[in-house]
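Note that our numbering has the sequence shown beginning at 31, numbered continuously upward.
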Amino acid sequence: MSTASAKHETLWLPRLLGVLLLLMGLALVAGGLTLVQLDGSLYYLLGGAALALSGILLLARRRLGLGLYGVFLLASTVWALWEVGLDWWQLVPRLSLWFVFGVLLLLPWARRPLIGASAKANVAVLSVAVIASGASAIGSQFTHPGEIQGELGRDTSEMASAAPSMPEGDWQAYGRTEHGDRYSPLRQITPQNVSRLEEAWRIRTGDMPRDDDPVEITNENTPLKVNGKLYACTAHSQVLALDPDTGKELWRYDPQLKSPVGFKGFAHMTCRGVSYYDENNYVSRDGSPAPQISAAGLEVARACPRRLYLPTADARLIALNADTGKVCEGFANQGVVDLKQGIGPFTPGGYYSTSPVAVTRDLVIIGGHVTDNESTNEPSGVIRAYDVHDGHLVWNWDSNNPDDTRPLPAGQTYSRNSANMWSLASVDETLGMVYLPLGNQMPDQWGGDRTPGAERFSAGIVALNLADGKVRWNYQFTHHDLWDMDVGSQPTLVHLKTDDGIKPAIIAPTKQGSLYVLDRRDGTPIVPIREIPVPQGAVEGDHTAPTQARSDLNLLGPELNERAMWGATPFDQMLCRIQFRQLRYEGQYTPPSEQGSLIYPGNVGVFNWGGVSVDPVRQLLFTSPNYMAFVSKMVPRDKVEAGSHRESETSGVQPNTGAPYAVIMHPFLSPFGLPCQAPAWGYVAAVDLFTHKVVWKHKNGTTRDSTPVPIGLPVGVPSMGGSIVTAGGVAFLSGTLDQYLRAYDVNNGKELWKGRLPAGGQATPMTYTGKDGAQYVLITAGGHGSLGTRMGDYIIAYKLR
31 MSTASAKHET LWLPRLLGVL LLLMGLALVA GGLTLVQLDG SLYYLLGGAA
81 LALSGILLLA RRRLGLGLYG VFLLASTVWA LWEVGLDWWQ LVPRLSLWFV
131 FGVLLLLPWA RRPLIGASAK ANVAVLSVAV IASGASAIGS QFTHPGEIQG
181 ELGRDTSEMA SAAPSMPEGD WQAYGRTEHG DRYSPLRQIT PQNVSRLEEA
231 WRIRTGDMPR DDDPVEITNE NTPLKVNGKL YACTAHSQVL ALDPDTGKEL
281 WRYDPQLKSP VGFKGFAHMT CRGVSYYDEN NYVSRDGSPA PQISAAGLEV
331 ARACPRRLYL PTADARLIAL NADTGKVCEG FANQGVVDLK QGIGPFTPGG
381 YYSTSPVAVT RDLVIIGGHV TDNESTNEPS GVIRAYDVHD GHLVWNWDSN
431 NPDDTRPLPA GQTYSRNSAN MWSLASVDET LGMVYLPLGN QMPDQWGGDR
481 TPGAERFSAG IVALNLADGK VRWNYQFTHH DLWDMDVGSQ PTLVHLKTDD
531 GIKPAIIAPT KQGSLYVLDR RDGTPIVPIR EIPVPQGAVE GDHTAPTQAR
581 SDLNLLGPEL NERAMWGATP FDQMLCRIQF RQLRYEGQYT PPSEQGSLIY
631 PGNVGVFNWG GVSVDPVRQL LFTSPNYMAF VSKMVPRDKV EAGSHRESET
681 SGVQPNTGAP YAVIMHPFLS PFGLPCQAPA WGYVAAVDLF THKVVWKHKN
731 GTTRDSTPVP IGLPVGVPSM GGSIVTAGGV AFLSGTLDQY LRAYDVNNGK
781 ELWKGRLPAG GQATPMTYTG KDGAQYVLIT AGGHGSLGTR MGDYIIAYKL
831 R
């Protein structure tokens with residue numbers, strides 16, 4: 031081979047590296063200029079210039095290019111450490127690309143063809159930079175920023191569950207009881223043996239997504255175990271009765287959903303569960319006489335002594351015989367309450383109950399989902415209580431007409447667009463109260479025309495008298511809510527030990543990250559709640575509340591800043607920084623704006639419908655907080671682009687018909703589709719309810735099912751679904767974006783076991799005892815359309831081998 035040919039072959043690598051560095055440098059300079067103009071970091075402009083000059087020097091075969099690149103890499107390492115410290119998931123994306131180029135430039139084939147200044151000096155500078163960068167990355171693997179390491183160190187106390195009693199092996203309501211604590215007294219499964227869990231059985235319901243389904247079809251169902259059976263519902267409101275030991279189908283009921291225009295335009299297709307009632311549980315209860323029952327009610331009690339109440343996606347409430355699956359014909363109108371009565375007109379799918387009803391000795395209490403941000407003329411959010419036996423309307427509570435709870439006369443309509451309850455109520459029959467977690471008056475981001483009732487009751491807890499629906503007390507958590515801060519979680523009722531003795535408490539998890547702990551007798555705070563000043567300046571025609579309520583017990587993350595912007599590479603991180611600087615953000619409760627506002631915590635919230643689970647004996651609260659920012663941009667009505675549309679309730683152009691502004695909403699993502707804020711985005715955590723302190727907090731979940739390559743990076747991912755805790759000291763959670771059911775030690779948060787699921791597990795698990803005496807853990811794995819998890823139709827049970 032000739033000398034000229036050899037020289038040509040050895041020049042290709044430095045030339046290639048030079049071209050790449052030049053192009054990347056120019057890209058950083060262009061973005062860096064924009065960022066500097068927005069008062070952002072100088073790094074990208076200066077770093078881009080250094081990269082481009084290094085590339086030019088390499089193309090000119092000058093050894094100085096190595097040294098200059100080394101200075102750039104060393105400066106980048108120092109800058110990255112200054113910004114984020116030894117945080118692996120933030121440090122490595124800042125440096126890994128530059129580290130790789132540094133290693134390539136040290137290869138003999140890259141540096142030998144170069145000429146000019148001292149080779150040793152330039153190689154030494156580059157070597158030091160590569161070593162420093164690599165050492166920083168290695169060191170960051172031994173740190174756990176954002177996490178809290180701790181141990182409860184308490185297995186028992188003098189406390190006990192105050193929830194309504196039931197057989198230990200049953201799970202008779204969505205939250206196990208109407209107190210909603212999601213606590214099971216079963217203790218067969220322990221931290222010592224949970225690793226022996228294996229699949230006992232699985233079934234497929236056959237209810238898969240259909241062509242005319244909405245985007246947000248979900249399988250959020252938590253089955254019941256009662257009456258010797260499991261009862262599950264599917265996304266299309268079908269009910270299945272199963273054998274607890276084998277999963278064998280005993281009966282099925284299909285309500286044959288109806289819609290005049292199909293289901294494509296629905297916001298949701300969801301059934302979180304059914305509710306159970308047994309006449310025998312209330313006969314001569316505590317020695318008291320049986321309640322007065324009408325003749326029709328007595329007929330239902332005899333024909334259907336054990337009943338299921340099913341809310342359907344076409345706005346019906348159906349009573350079923352829990353033994354046979356047949357409709358209880360004597361209830362209401364041939365077994366059916368038409369929930370459209372008194373509601374007025376609405377877009378198909380714009381009103382129905384996605385959550386199970388609350389059941390008491392005498393009443394079935396139901397609210398309803400109302401489509402977010404469609405218009406200012408939405409159906410009423412009225413709460414209605416029907417007689418549990420014959421189905422007649424006993425009382426109704428409308429936040430726009432809160433004092434008149436007499437049943438609405440036939441032919442009249444409830445007030446339009448009042449605050450609704452799409453989540454689950456909790457009930458304390460001893461105190462005679464039902465506790466309503468309320469949402470907002472539509473639309474969420476525009477409040478210029480809010481009613482007095484909405485300003486008083488929305489985005490808070492309202493306690494009603496069971497007997498007549500009258501307000502006993504209320505506490506609002508978000509004043510004049512412009513951020514979709516619905517109280518989406520079922521409140522948890524528990525007895526708490528305090529310095530003033532044991533108190534009956536209600537714990538309300540919220541999207542804004544506060545856990546509000548109130549005395550459920552009168553709504554007075556047990557944990558202090560402070561009114562904090564918040565950013566001001568709503569769009570024209572609206573206003574903001576001067577303060578917002580923040581509980582001293584909260585799981586808020588730190589406020590965002592530019593250095594918290596993230597990306598897989600320096601380039602998408604730079605673009606996220608530009609987005610951040612272009613948006614309005616002044617901390618939590620930054621009002622929506624025409625400029626576009628960063629909303630953090632976002633619409634999905636820190637806590638959503640999954641809520642929390644509470645061990646009343648250990649006085650421990652277990653939960654899975656999320657941290658994802660959203661963007662809200664107000665668009666004046668005359669500037670809404672023709673043909674724009676909504677993709678779901680949390681993305682796309684929300685029409686807000688009747689309001690002066692539409693709103694564009696979406697998660698805060700980079701152009702590559704990755705979150706713009708740094709991980710972790712999801713945790714598991716525990717709170718000591720004696721001290722109101724977070725005991726431990728750990729990143730939870732991996733990227734295995736969220737990336738094209740199924741690599742399970744343990745970054746901590748969001749979850750949508752609830753948890754349960756057991757007397758055995760094990761908690762279970764399945765809602766993460768990766769497809770696993772996980773078990774945790776409640777004392778320290780250690781992940782003890784995980785079972786791979788065939789579809790997304792965006793539901794709350796439950797646990798029960800089978801006829802064989804074994805403790806089972808059960809999960810619905812059917813996916814979530816909006817989250818993009820794998821869809822399916824599975825119900826899976828596990829037990830110890």
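No residue lacks a Cβ here, since even glycine has one placed at the ideal position from N, Cα and C.
Looking at C-alpha atoms only, which residue of the options is the closest neighbour of residue i?
i      : options                           : result
Pro197 : Arg206, Ala190 and Thr540         : Arg206
Pro685 : Thr401, His525, Ser324 and Glu229 : Thr401
Gly785 : Val642, Leu47, Ala352 and Arg226  : Arg226
Asp275 : Thr248, Ile233 and Leu613         : Ile233
Ser29  : Ala757, Phe610 and Ser410         : Past the boundaries of the shown model lies residue 29; the chain is included only from 31 to 831, so the question cannot be answered.
Phe292 : Pro378, Ala271 and Asp284         : Looking at the sequence shown, residue 292 is not Phe but Gly. When only C-alpha atoms are compared, the closest one is Pro378.
Gly365 : Val418, Pro701 and Leu52          : Val418
Ala827 : Asp273, Tyr306 and Asn426         : Asp273
Ala345 : Gly703, Glu309 and Met299         : Met299
Thr554 : Thr252, Arg502, Gly635 and Pro565 : Arg502
Asn450 : Tyr505, Gly398, Asp434 and Thr481 : Gly398
Leu287 : Val776, Trp281, Glu279 and Phe296 : Phe296
Trp128 : Ala110, Val670, Val66 and Lys259  : Ala110
Between the alpha carbons of residue i and residue j, how many angstroms are there, rounded?
i      : j      : result
Leu699 : Ser736 : 14 Å
Asp185 : Pro646 : 11 Å
Ser581 : Tyr619 : 15 Å
Asp353 : Ala265 : 22 Å
Leu103 : Ala162 : 9 Å
Leu787 : Gly815 : 16 Å
Tyr73  : Tyr713 : 31 Å
Pro795 : Tyr204 : 10 Å
Leu721 : Val755 : Looking at the sequence shown, residue 721 is not Leu but Thr. C-alpha separation (whole angstroms): 19 Å.
Gly483 : Asp572 : 17 Å
Pro409 : Gly374 : 6 Å
Asn51  : Ala165 : Note that residue 51 is Leu in the sequence shown, not Asn. Going from the Cα of Leu51 to the Cα of Ala165 covers about 23 Å.
Thr819 : Leu328 : 46 Å
Leu771 : Ala804 : 19 Å
Asp368 : Asp514 : 28 Å
Val114 : Gly635 : 25 Å
Ala716 : Gln179 : 11 Å
Glu279 : Ala575 : 53 Å
Asp474 : Glu485 : 13 Å
Tyr416 : Pro386 : 14 Å
Leu75  : Tyr691 : 37 Å
Cys358 : Cys334 : 6 Å
Ala362 : Gln371 : 13 Å
Thr733 : Met463 : 43 Å
Ends of the beta strand (DSSP E) at residue i?
i      : result
Val724 : Lys723 to Lys729
Ser305 : Ser305 to Asp308
Tyr660 : The sequence shown places Phe at residue 660, rather than the Tyr named in the question. Where Phe660 is concerned, the enclosing beta strand (DSSP E) stretches over Phe660 to Pro666.
Phe838 : The structure shown does not extend to residue 838, since the chain is modelled only from 31 through 831, so no value can be given for it.
Just curious, the alpha helix (DSSP H) that residue i is in, first and last residue?
i      : result
Gln612 : Pro600 to Gln612
Trp112 : Leu94 to Val114
Ala167 : Ala149 to Ser170
Gly78  : Tyr73 to Leu89
Val755 : Here Val755 belongs to no alpha helix (DSSP H); instead the beta strand (DSSP E) covers Ser753 to Thr756.
Gln578 : Premise fails: Gln578 lies in the beta strand (DSSP E), Thr577 to Ser581, not in any alpha helix (DSSP H).
Quick check: is the beta carbon of residue i nearer than 8 Å to any beta carbon in chain D?
i      : result
Val114 : Absent from the structure: chain D. Only one protein chain is present.
Requested in this report: Count the C-beta pairs between the region 687 to 701 and the region 650 to 666 that are closer than 8 Å, then say yes if the count reaches three, no if not.
Outcome: yes
Query raised in the report: Does the pairing of the region 639 to 657 with the region 528 to 548 give three or more beta-carbon distances under 8 Å?
Result: yes
Report task. Report yes or no: do three or more beta-carbon pairs, one from the region 466 to 473 and one from the region 483 to 499, lie closer than 8 Å? Result -> yes
Report task. Could you tell me which uninterrupted alpha helix (DSSP H) segments, each at least 4 residues in length, are contained entirely in the region 320 to 402, listed from first to last along the chain? Result -> 325 to 333
Query raised in the report: Curious, which full-length beta strand (DSSP E) runs of at least 3 residues does the region 535 to 561 contain?
Result: 545 to 549
Report task. Inspect the CB distances between the region 726 to 743 and the region 601 to 618 and report whether three or more fall short of 8 Å. Result -> no
Query raised in the report: On the three-pair Cβ rule with 8 Å, is the region 155 to 175 touching the region 751 to 766?
Result: no
**Report entry** Given 8 Å, three or more beta-carbon pairs between the region 249 to 260 and the region 801 to 813
**Finding:** yes
Query raised in the report: Are there three or more Cβ pairs, one per stretch, closer than 8 Å when the region 593 to 605 is compared with the region 554 to 566?
Result: no
Report task. Specify whether the region 426 to 434 and the region 514 to 534 touch according to this definition: at least 3 beta carbon pairs, one from each stretch, less than 8 Å apart. Result -> no
Requested in this report: Could you pull out every unbroken beta strand (DSSP E) segment of at least 3 residues lying fully inside the region 404 to 438, listed in chain order?
Outcome: 413 to 417 and 423 to 427
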